[in-house]
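Asker:
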Amino acid sequence: MAYVALIPLLPAIGFVVMAPLSRATRNRLQWLGLAGVGGSLVLSFAAFAAVWPGGHEGEAAYHASWPIAQVGGVDLSVGLLLDPVAAVMLLVVTVVGACVQVYSVGYMHRDERVGWYFAVLTLFTAAMLALVLADNFLMLYMAWEVMGLCSYLLIGFWHEQEVPRKASQKAFLTTRVGDVGFAIGLAVIYLTVGSFDFDAVLGSAASWAPGVATAVALLLLVGAIGKSAQAPLHVWLPDAMAAPTPASALIHAATMVAAGVYLIARSLPIFEASGVALTVTMAVGAASALLGGLLAAVQHDIKKVLAYSTISQLGYMFLAIGAGGAIAGMFHLVTHAFFKSLLFLGAGVIIHAAHTQDMREMGGLARHLPVTSVTFGAGALALAGIFPFSGFWSKDEILYAVWHNGHYFTFLVALAAAFVTAFYVARLWFRVFTGPVQTDHLAEGHAEMLAPMGVLAAITAVVGFTALGFSEFLGHAGYWPDPAMAIVSTLVAISGLAVGWWVYGRRHLVLNTRALKDRAGHAYTVLAQKYYFDVTYDHVIIRPYIRATESLSRFDRTVIDGVVNSAAVLWKTAAEVAWTFDGRVIDGLVNGTARAARASGGALRRIQAGRVQTYLRYVLGALVLLMLWIVVKGA
Amino acid sequence: MSETVNGVVFVILAFASIGGAVGMLTTRNIIHAAFWLLEVMVAVGGLYLLLSAEFLAVVQILVYAGAISVLMLFAIMLTLRCREDSVCPVEISIGGGVLSAVFGTVMYVAVARYGDRIAEMPASVPDTAALGELLFTKWALPFEVASLVLLVALVGAVWWSREED
Amino acid sequence: MTEIGPSAFLGLAAVLFTLGLYGAVARRSAVMVLMSLELMAVAVNLNMVALSRFVTPGEMTGQFFAIFTMVVSAAEIGLGLALVLAIYRQTRSVELSAIDSLKG
Numbered sequence: 001m002a003y004v005a006l007i008p009l010l011p012a013i014g015f016v017v018m019a020p021l022s023r024a025t026r027n028r029l030q031w032l033g034l035a036g037v038g039g040s041l042v043l044s045f046a047a048f049a050a051v052w053p054g055g056h057e058g059e060a061a062y063h064a065s066w067p068i069a070q071v072g073g074v075d076l077s078v079g080l081l082l083d084p085v086a087a088v089m090l091l092v093v094t095v096v097g098a099c100v101q102v103y104s105v106g107y108m109h110r111d112e113r114v115g116w117y118f119a120v121l122t123l124f125t126a127a128m129l130a131l132v133l134a135d136n137f138l139m140l141y142m143a144w145e146v147m148g149l150c151s152y153l154l155i156g157f158w159h160e161q162e163v164p165r166k167a168s169q170k171a172f173l174t175t176r177v178g179d180v181g182f183a184i185g186l187a188v189i190y191l192t193v194g195s196f197d198f199d200a201v202l203g204s205a206a207s208w209a210p211g212v213a214t215a216v217a218l219l220l221l222v223g224a225i226g227k228s229a230q231a232p233l234h235v236w237l238p239d240a241m242a243a244p245t246p247a248s249a250l251i252h253a254a255t256m257v258a259a260g261v262y263l264i265a266r267s268l269p270i271f272e273a274s275g276v277a278l279t280v281t282m283a284v285g286a287a288s289a290l291l292g293g294l295l296a297a298v299q300h301d302i303k304k305v306l307a308y309s310t311i312s313q314l315g316y317m318f319l320a321i322g323a324g325g326a327i328a329g330m331f332h333l334v335t336h337a338f339f340k341s342l343l344f345l346g347a348g349v350i351i352h353a354a355h356t357q358d359m360r361e362m363g364g365l366a367r368h369l370p371v372t373s374v375t376f377g378a379g380a381l382a383l384a385g386i387f388p389f390s391g392f393w394s395k396d397e398i399l400y401a402v403w404h405n406g407h408y409f410t411f412l413v414a415l416a417a418a419f420v421t422a423f424y425v426a427r428l429w430f431r432v433f434t435g436p437v438q439t440d441h442l443a444e445g446h447a448e449m450l451a452p453m454g455v456l457a458a459i460t461a462v463v464g465f466t467a468l469g470f471s472e473f474l475g476h477a478g479y480w481p482d483p484a485m486a487i488v489s490t491l492v493a494i495s496g497l498a499v500g501w502w503v504y505g506r507r508h509l510v511l512n513t514r515a516l517k518d519r520a521g522h523a524y525t526v527l528a529q530k531y532y533f534d535v536t537y538d539h540v541i542i543r544p545y546i547r548a549t550e551s552l553s554r555f556d557r558t559v560i561d562g563v564v565n566s567a568a569v570l571w572k573t574a575a576e577v578a579w580t581f582d583g584r585v586i587d588g589l590v591n592g593t594a595r596a597a598r599a600s601g602g603a604l605r606r607i608q609a610g611r612v613q614t615y616l617r618y619v620l621g622a623l624v625l626l627m628l629w630i631v632v633k634g635a
Numbered sequence: 001m002s003e004t005v006n007g008v009v010f011v012i013l014a015f016a017s018i019g020g021a022v023g024m025l026t027t028r029n030i031i032h033a034a035f036w037l038l039e040v041m042v043a044v045g046g047l048y049l050l051l052s053a054e055f056l057a058v059v060q061i062l063v064y065a066g067a068i069s070v071l072m073l074f075a076i077m078l079t080l081r082c083r084e085d086s087v088c089p090v091e092i093s094i095g096g097g098v099l100s101a102v103f104g105t106v107m108y109v110a111v112a113r114y115g116d117r118i119a120e121m122p123a124s125v126p127d128t129a130a131l132g133e134l135l136f137t138k139w140a141l142p143f144e145v146a147s148l149v150l151l152v153a154l155v156g157a158v159w160w161s162r163e164e165d
Numbered sequence: 001m002t003e004i005g006p007s008a009f010l011g012l013a014a015v016l017f018t019l020g021l022y023g024a025v026a027r028r029s030a031v032m033v034l035m036s037l038e039l040m041a042v043a044v045n046l047n048m049v050a051l052s053r054f055v056t057p058g059e060m061t062g063q064f065f066a067i068f069t070m071v072v073s074a075a076e077i078g079l080g081l082a083l084v085l086a087i088y089r090q091t092r093s094v095e096l097s098a099i100d101s102l103k104g
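Set out below in structure tokens:
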């Protein structure tokens, strides 16, 4: 079973080999990344087969730990833990990762830094796999931060332009806010338990003081909120769409943003020990699900629609876990990873074909991009929650869990979010694929772009039927969707689609949303301003900070410099007194010495070439001679 | 565990640090060179961890990887007139090559001859609390002198780098 | 895996020092020379920390020396870069060969 260690190592080796090469060589060796991820994919299937049939929650099929060093009297070790949850996540990450790598070959082929793109993408995959397999919080945190770095590098991949540069900084700093909370949470964990191991920490969580459990859970939640772009730290994700589209598909849709959900699911015993934290998680998730969905409904940039949709769907997962449906939340994570990355890859083809990201300038693409429209349609129906696509199953499980556990208000919010989701899916679809054609030279994507989309679409179509097996694999009783619940959710989804069609699908209204805007009035402005989150942060945090630094610098210039200057005046007077003494008495002595030195200097000036490095050579040469002497003499 | 050093990790870190140093010396772009140096610094920080010198490891990351690398990058950026300035050919110096070859040979002989006098790794592991205590008792005077050195260097650096006006 | 003794650390430090020595002599850019000097300082520190661990783990003498070396090299790099900036302002160049006003 030691091959489990190779799963994160293969892509990591790929990165290590690619990173130091020159740009041209790296571009030629871009397939190395795909080779690494492909190897991980094969090994992940083997690992999954080894765990199969699972069914025992928390029982590891493989657990190994290698000590590295002793730090402060405590062993520092790297450990891998392969249990059913990890096995499922491995499959998700490697399948989506491999699809994105293949797709990128076609998408990025004209970029001159394509090699670096693949290197970072591969490093990201390695970090995500390490995070999934980590057996302790510290390693998880390390992988978490490496992913943050890769996200930063990929968002700012086109760093010659202003927007990606700014977006990468925003993403890095915003997630950092959450990461600080995570780090403090880790410190509290260590203080409480004296270990970072999942076994030790989660096993004892139930016996912690309730205050400690709540504090740790909330701090971990802060980290998860930052990484998973939940309200109120969601502002970075829409801007992160400046990244190359396939990178967005992998990082900002399928894997990294889901790491927050994974963290909460992993540390669920802590959350359960607290109770309060679960409610907070549910509230954050519900708020993000609804707000993100509403924002997605007013965006014009096709990638931003998908970004807000991701926030909304991740909110669904938080909500599910908070409401006690952790399995449902994890299942939604899996299905969402497939259909959302599929949607992003489709959006990439659309952007390539239409040469714009603005949906108002698109239309009628269905006839020209047949393969894309079919696969994109599968993803869209899954997102809307239509039978038999995967989103239907997982969303249904979540709704059932929320209802079953008696959170009726949250249930209503979740239904509303489902309605909005179906609405913006319809808006996206009808805007882009129907109506008059607005651009010429429409061309379908390359084969290497369409093939991964086909794979993901096939998975999206069938993975929902594993709902029962998924629960049992993770060690919980599975059940088929409740018929009543299925009818309710399908009705909600269909009505959302219908409203979307009514607003955007009827031909004469395609380009005219002004009427709707006028009617919605104030509400539309609030949405278009993204609830003023960015404006608020700018006014409350960034500008006061700059003002404070300015006043500090004024203080420096006036007060501190004044003190220093007056001290200087004092010194100057004292120095003048000393100077007169110096000139009369000391100089007389010195001049005599100087004359002698001058004579000898004249003889020595020949070796003064004036070059610093020549002197350096003398010094180092002398050093070498000294060493030689010591060694020969035998110390 | 306390009496040995993890060989795999040591080899990885050794390769990383030597690779970083070689990369620094062979790259044509001086900004890349600064990042290669950063890699060496981080790898050496990892080696300190292997030697249970966790305080030094943290200081190494903070001071070298954090402060000095940033300072280097600032100096590089401030002395570049344009982007192309950062790229210059790698000069081969025969004198330097001979000098370092001789030095390397001497060091090899020295390590080979005397390195094995201490073979066992002592079991007692240094810890940060003891280090702090010693630093402020036995080493208090050098510590104060070090702070003075830093102050003087700070003033000197400000003095030298200010704009003439 | 063979035992990693002090020789391994000393050898690694020697390699790093040798590389730094070559860089300090061969490169002409002042910043590159400063970076090579840093490399040498790090190699020395590694030596001292390793010897401290193997010889005096209790007193940690080598670790203290390494701390003070770090202080000195931090001061050195700050001053060195300030000098580079000052020289750059005078000569519009950071090439060491361009500076020969010390010529006697």
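Chains as they are written, first to last, in the numbering used here: chain A, 1 to 635; chain B, 1 to 165; chain C, 1 to 104.
We put the CB at the ideal spot given by N, CA and C, even for glycine.
DSSP has A/Gln70 in a bridge; who is on the other side?
Answerer: Answer is A/Asp75, bridged to A/Gln70.
Asker: By Cβ distance, which residues of its chain are closer than 7 Å to A/Val438, with the 5 residues on each side in sequence left out?
Answerer: This sequence places Gln at residue 438 of chain A; Val is not what is there. Glu361, Met362 and Gly363.
Asker: Would a C-beta distance cut-off of 9 Å place A/Ala224 and A/Glu272 closer than the cut-off?
Answerer: No; because the gap between Cβ atoms is not below 9 Å, this pair is not in contact.
Asker: On the DSSP letters alone, give me the boundaries of the alpha helix (DSSP H) that A/Ala493 sits inside.
Answerer: Pro483 to Gly500 is the span of the alpha helix (DSSP H), which, as asked, contains A/Ala493.
Asker: Rounded to whole angstroms, what's the CA-CA distance from B/Trp159 to A/Val569? Just pull it up for me.
Answerer: Between B/Trp159 and A/Val569, the C-alpha separation is close to 18 Å.
Asker: Under three-state DSSP, which class holds A/Tyr479?
Answerer: A/Tyr479 falls in the coil class under three-state DSSP.
Asker: Quick check: the region 165–173 of chain A against the region 234–247 of chain A, are at least 3 beta-carbon pairs closer than 8 Å?
Answerer: They touch, by the three-pair rule.
Asker: By the DSSP assignment, the alpha helix (DSSP H) with A/Leu220 in it spans what residues?
Answerer: Pro210 to Lys227 is the span of the alpha helix (DSSP H), which, as asked, contains A/Leu220.
Asker: Return the first residue and the last residue of the alpha helix (DSSP H) that A/Cys99 is part of.
Answerer: Looking at the DSSP string, the run of the alpha helix (DSSP H) that includes A/Cys99 is Pro84 to Tyr107.
Asker: Note the first and the last residue of the continuous alpha helix (DSSP H) segment covering A/Ser618.
Answerer: Note on identity: in this sequence residue 618 of chain A is Tyr, with Ser being the wrong assignment. Taken as a continuous stretch (DSSP letters only), the alpha helix (DSSP H) holding A/Tyr618 covers Val612 to Lys633.
Asker: Flag A/Leu509 as yes if its beta-carbon sits less than 9 Å from any beta-carbon of chain B, otherwise no.
Answerer: With a pLDDT of only 48 at A/Leu509, under the threshold of 50, the placement of this residue in the model should not be trusted; the figure read from the coordinates follows. No, its Cβ sits nowhere closer than 9 Å to a Cβ of chain B.
Asker: Does DSSP classify B/Asn6 as helix, strand or coil?
Answerer: B/Asn6: coil per DSSP, three-state reduction.
Asker: Taking a contact to mean a Cβ-Cβ separation below 9 Å, would you say A/Thr192 touches A/Leu233 in this structure?
Answerer: Result no, Cβ atoms of A/Thr192 and A/Leu233 do not sit closer than 9 Å.
Asker: With 9 Å as the threshold, decide whether the Cβ of B/Thr79 is near any Cβ in chain A.
Answerer: Not closer than 9 Å to any Cβ of chain A, the Cβ of B/Thr79 fails to qualify, so no.
Asker: Taking all protein chains shown into account, do 16 or more other C-beta atoms lie within 10 angstroms of the C-beta of A/Met108, making it buried, or fewer, making it exposed?
Answerer: Burial call: buried.
Asker: Of the residues that make up the region 17–32 of chain C, which ones have a beta carbon closer than 7 Å to any beta carbon in chain A?
Answerer: Those residues of the region 17–32 of chain C that come within reach of chain A (Cβ to Cβ, closer than 7 Å) are Leu21, Ala24 and Val25.
Asker: With a CB to CB cut of under 6 Å and the five nearest residues on each side skipped, what residues in its chain are close to A/Ala307?
Answerer: Counting only Cβ-Cβ distances below 6 Å, and skipping sequence neighbours, we find Leu237, Pro238 and Met241.
Asker: Helix, strand or coil, according to DSSP, for C/Glu95 in the structure here?
Answerer: If DSSP states are grouped into helix, strand and coil, C/Glu95 belongs with the strands.
Asker: For B/Val63, which residues in chain C fall below 7 Å Cβ to Cβ?
Answerer: What B/Val63 touches in chain C: Met70 and Ala74.
Asker: Pairing CB atoms from the region 42–53 of chain A with CB atoms from the region 82–94 of chain A, are three or more of them under 8 Å?
Answerer: Yes: at least three Cβ pairs fall under 8 Å.
Asker: Do A/Leu81 and A/His63 have their CB atoms nearer than 9 Å?
Answerer: Their beta carbons are under 9 Å apart, which means A/Leu81 touches A/His63 by this criterion.
Asker: Run through the region 292–360 of chain A for me and flag every whole alpha helix (DSSP H) of 4 or more residues, listed as ranges in chain order.
Answerer: Listed in chain order, the complete alpha helix (DSSP H) runs (minimum 4 residues) inside the region 292–360 of chain A are 302–322 and 326–354.
Asker: Could you give the C-beta distance for A/Gly185 and A/Leu219, rounded to a whole number, given that I count them as a contact under 8 Å?
Answerer: Yes, A/Gly185 and A/Leu219 are in contact; Cβ-Cβ is about 3 Å, under 8 Å.
Asker: Mapping the DSSP letters down to three states, classify A/Asp440 as helix, strand or coil.
Answerer: Coil.
Asker: Taking the alpha helix (DSSP H) that C/Thr56 falls in, what are its first and last residues?
Answerer: Unbroken run through C/Thr56: none, as it is neither H nor E.
Asker: Consult DSSP for A/Ala60 and reduce its assignment to one of helix, strand or coil.
Answerer: Three-state result, A/Ala60: coil.
Asker: So, is B/Leu56 buried or exposed, given that buried needs 16 or more other C-beta atoms within 10 angstroms?
Answerer: B/Leu56 is buried by the Cβ-count criterion.
Asker: So, is the C-beta of C/Ala82 closer than 9 Å to a C-beta in chain B?
Answerer: Interface residue, yes.
Asker: Residues in its own chain within less than 7 Å of B/Ala16 by CB, not counting five upstream and five downstream?
Answerer: Cβ within range, chain order: Glu39 and Ala43.
Asker: Indicate the three-state DSSP secondary structure (helix, strand or coil) for B/Asp127 in the structure shown.
Answerer: B/Asp127: coil per DSSP, three-state reduction.
Asker: I think A/Leu365 touches A/Ile350, with their Cβ atoms under 8 Å apart; what is that distance to the nearest whole Å?
Answerer: Yes, A/Leu365 and A/Ile350 are in contact; Cβ-Cβ is about 6 Å, under 8 Å.
Asker: Along the alpha helix (DSSP H) that carries A/Asp534, what are the first and last residues, could you check?
Answerer: Where A/Asp534 is concerned, the enclosing alpha helix (DSSP H) stretches over Phe533 to Tyr537.
Asker: Could you tell me if B/Pro126 is buried or exposed, where buried requires 16 or more neighbouring beta carbons within 10 angstroms of its beta carbon?
Answerer: So B/Pro126 ends up on the buried side.
Asker: Under 8 Å, with one C-beta from each stretch per pair, do the region 63–75 of chain C and the region 44–55 of chain C reach the 3-pair mark?
Answerer: The region 63–75 of chain C, when compared against the region 44–55 of chain C, does touch it at the 8 Å Cβ threshold.
Asker: Leaving out five residues before and five after C/Tyr88 in sequence, what residues of the same chain have Cβ atoms less than 8 Å from its Cβ?
Answerer: Within the same chain, C/Tyr88 has close Cβ partners Val94.
Asker: Less than 9 Å between CB atoms is the rule here; does A/Met627 satisfy it with respect to chain B?
Answerer: Yes, A/Met627 counts as interfacial toward chain B.
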